[in-house]
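Q: Just so we're aligned: the sequence shown equals residues 6 to 428 in the numbering used here.
The C-beta atom is built at its ideal place from N, Cα and C for all residues, glycine as well.
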Amino acid sequence: MTLTNKVLLGLALGTVTGAILNILDHSWLNTYVVDGVLYAGGKLFVNALKMLVVPLVIFSLIPGVFAIGDIKLLGKVGTKTVALYIGTTAIAIITAISLAAALGIGEGGALPQDVSFAGREAGKSTLDILIGIVPTNIFKAFASGDMLAIIFFSIFLGIAALSIKDECEETISIIEQMNKIVMKMVELVMWFAPYAVFCLLGKAIADVGIELIADLLGYFLVVIAALLIHAFFTMMVILKTFTGLNVGLFLKKIRSAQIFAFSTASSGATIPVTLRTVQSRLGVDRAISSFSVPFGATINMDGTAIMQGVATVFIANLYGIDLGMQGYLLVVLTAVLASIGTAAVPSVGLVMLTLVFEQVNLPVEAIGLIMGVDRLLDMTRTAVNVTGDTVVTSIVAKGEGRLDEAVFSDPEAGQLEEVHINN
Ligand code: ASP
């Protein structure tokens, strides 16, 4: 059995186990199994993935910039990537708002009583986020996993190295070797994925409040529908149009990244898997992926924007507030900007929704209403966020002639069958 199939099995068994635990709702089982074994098993795995993110980004980005070899080209690739990330996020939220508005979700619903939501802490303004891209202390940025700052530093270092190319080839080759070592660590960690996915799903499903979902079924289903339309239709049409690649094969190859994103609900923790997927499975040159993947995980959040779009229509309808065309345009703009400022960690999309609501004067405490069903939606939208990262990365790579079609069309390429440890 391939690792991906084992992971799928873990996903299925975890879901069933979680559902049984949910129904039993037994205090001993909840304490020792759900919040004990399953929690620890999942958390250990996510910790291990997160542990590898910072070294992986640094060690792959520096030689990546070096490999592009041309600063102008770097600028062109960067601009294209950012434009695609922003453009696809805008399409995502427009789809979400249109679908939710057409179906009239929330109209005539009972107004929620005593809901509350703490909202965001005094967050950073967009200007502060932009300024923060240049860190004052790089070790602080490493320590806090500040992705934009780490990307900036690594690109800067790569550019400097490029300008004294002949003098630092050895250093770059050492960094390159470090990259290979960390990639190997990713593969070793992935070996535990089937068990970890079982634990993550078991815990998530055991914790789901089924009755909460029943109450908010309309909202829940519209978010899921918009997410599926965006990931499997819109993004695939965009991919096909720009690259002509085989969509079926593409989807098959990114499946493991989608499953990891779904299980962990964190695009950030999924970076190692996404990076490995686009490089070894899709054949994207590291020169492109080492930049676009961590960058995408940080600023590209199509799924999050979709949830925000549907939530806005839902709450506005529920409260009988007509936002009008102008209001919705403001929602699109704010949600796109918010997705740039949204950290790639679980649940943060909900916190950023405060920003959107504040812009159009919707009651922020109403977010408390949809909070109960957010975990499953968070998992699903994170998978959509990561799908967007892989699509944009492939489009940019194909456009620059840096996608190895031989690797892409080989169904087995980069598949993890067995992890070899030489001793
Ligand atoms: N969990 C999402 C991510 O990491 C962010 C969110 O929508 O809450 O991509």
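#1: Rounded to the nearest angstrom, what separates Phe161 and Asn184 at their Cα positions?
#2: In this structure, does DSSP put Leu5 in helix, strand or coil?
#3: Looking at the unbroken alpha helix (DSSP H) that takes in Cys204, where does it start and where does it end?
#4: Just tell me which of Leu338, Pro351 and Arg291 has its CA closest to the CA of Val361.
#5: Quick check on the burial criterion: 16 or more other C-beta atoms within 10 angstroms. Buried or exposed for Lys258?
#6: Just reading off the alpha helix (DSSP H) that Lys85 is part of, what are its end residues?
#7: Taking the alpha-carbon of Val213 as reference, which of Asp379, Ile311 and Gly329 has the nearest alpha-carbon?
#8: Mind checking who Ile289 pairs with in its DSSP beta bridge?
#9: DSSP three-state label for Pro140, please.
#10: Using three-state DSSP, classify His235 as helix, strand or coil.
#11: Assign Asn322 to buried or exposed, taking buried as 16 or more other Cβ atoms, counted over all protein chains shown, within 10 Å of its Cβ.
#12: I want to check one thing, is the minimum distance from the CB of Asp220 to the heavy atoms of the ligand ASP below 7 Å?
#13: Quick one, are the C-beta atoms of Ile264 and Val58 less than 8 Å apart?
#14: Buried or exposed, going by whether 16 or more other CB atoms sit within 10 Å of the CB of Pro416?
#15: Check Ala17 in the structure and name its three-state DSSP category.
#16: Am I right that Phe247 and Leu167 are in contact with their C-beta atoms under 8 Å? What's the rounded C-beta distance?
#17: So, at 7 Å on beta carbons, what are the nonlocal neighbours of Ile201 in its own chain, with the 5 sequence-adjacent residues on each side left out?
#18: Taking the alpha-carbon of Ala88 as reference, which of Ile102, Arg386, Val341 and Ala148 has the nearest alpha-carbon?
#19: Pick helix, strand or coil for Tyr37, following the three-state DSSP scheme.
#20: Measure the CB-CB distance between Gly314 and Val365 and report whether it falls below 8 Å.
#21: Verify the contact flag: Asp133, CB atom, against every heavy atom of the ligand ASP, threshold strictly below 7 Å.
#22: Starting from Ala154 and walking both ways along the alpha helix (DSSP H), at which residues does that stretch end?
#23: Check this for me: beta carbons of Ala302 and Thr269, under 8 Å apart or not?
#24: Return the CA-CA distance between Gly41 and Val353, expressed in angstroms with no decimal places.
#25: Between the stretch 229 to 238 and the stretch 97 to 105, are three or more C-beta pairs nearer than 8 Å?
#26: Assuming Val391 and Ile243 are in contact, meaning their beta carbons sit under 8 Å apart, how far apart are those beta carbons, in whole angstroms?
#27: Taking DSSP as the reference, what is the three-state secondary structure of Thr7?
#28: Measuring only the C-alpha atoms, how far is Thr309 from Glu172?
#29: Is DSSP giving Val70 helix, strand or coil here?
#30: Taking 7 Å as the limit between beta carbons, can you name the residues of its chain near Lys458, skipping five residues before and five after?
#31: Report the residue from Ala106, Asn142, Thr176 and Lys189 whose alpha carbon sits nearest the alpha carbon of Ile67.
#32: To the nearest angstrom, how far is the alpha carbon of Gly406 from that of Ala292?
#33: Could you tell me if Leu358 is buried or exposed, where buried requires 16 or more neighbouring beta carbons within 10 angstroms of its beta carbon?
#34: Spatial neighbours of Thr387 within its chain, please: CB distance less than 7 Å, with the 5 preceding and 5 following residues excluded, ordered by chain position.
A: In terms of the structure at hand:
#1: Near 18 Å, if we compare the C-alpha coordinates of Asn184 and Phe161.
#2: For the chain, the structure presents residues 6 to 428; residue 5 sits outside this window and is missing.
#3: Ala198 to Asp212
#4: Leu338
#5: buried
#6: Ile76 to Leu108
#7: Asp379
#8: The sequence given here has Val at residue 289, not Ile. Paired residues: Leu408.
#9: coil
#10: helix
#11: buried
#12: Exclusion of Asp220 from the 7 Å shell around the ligand ASP follows from its C-beta lying no nearer than that to any non-hydrogen atom of the ligand.
#13: no
#14: exposed
#15: helix
#16: Not a contact, Cβ separation roughly 28 Å.
#17: In the sequence as displayed, the identity of residue 201 is Ala instead of Ile. For Ala201, where only same-chain residues beyond five positions count, the Cβ hits under 7 Å are Gly46, Gly47 and Phe50.
#18: Ranked by Cα distance from Ala88, the options Ile102, Arg386, Val341 and Ala148 are led by Val341.
#19: helix
#20: no
#21: no
#22: Taken as a continuous stretch (DSSP letters only), the alpha helix (DSSP H) holding Ala154 covers Met152 to Ser168.
#23: no
#24: 25 Å
#25: yes
#26: Not confirmed; about 16 Å, so no contact.
#27: coil
#28: 45 Å
#29: helix
#30: Summary: the structure shown does not reach residue 458, with the chain confined to residues 6 through 428, and so no result is reported for it.
#31: Thr176
#32: 11 Å
#33: buried
#34: Ala266, Phe267, Ala270, Ser271, Ser272 and Gly308
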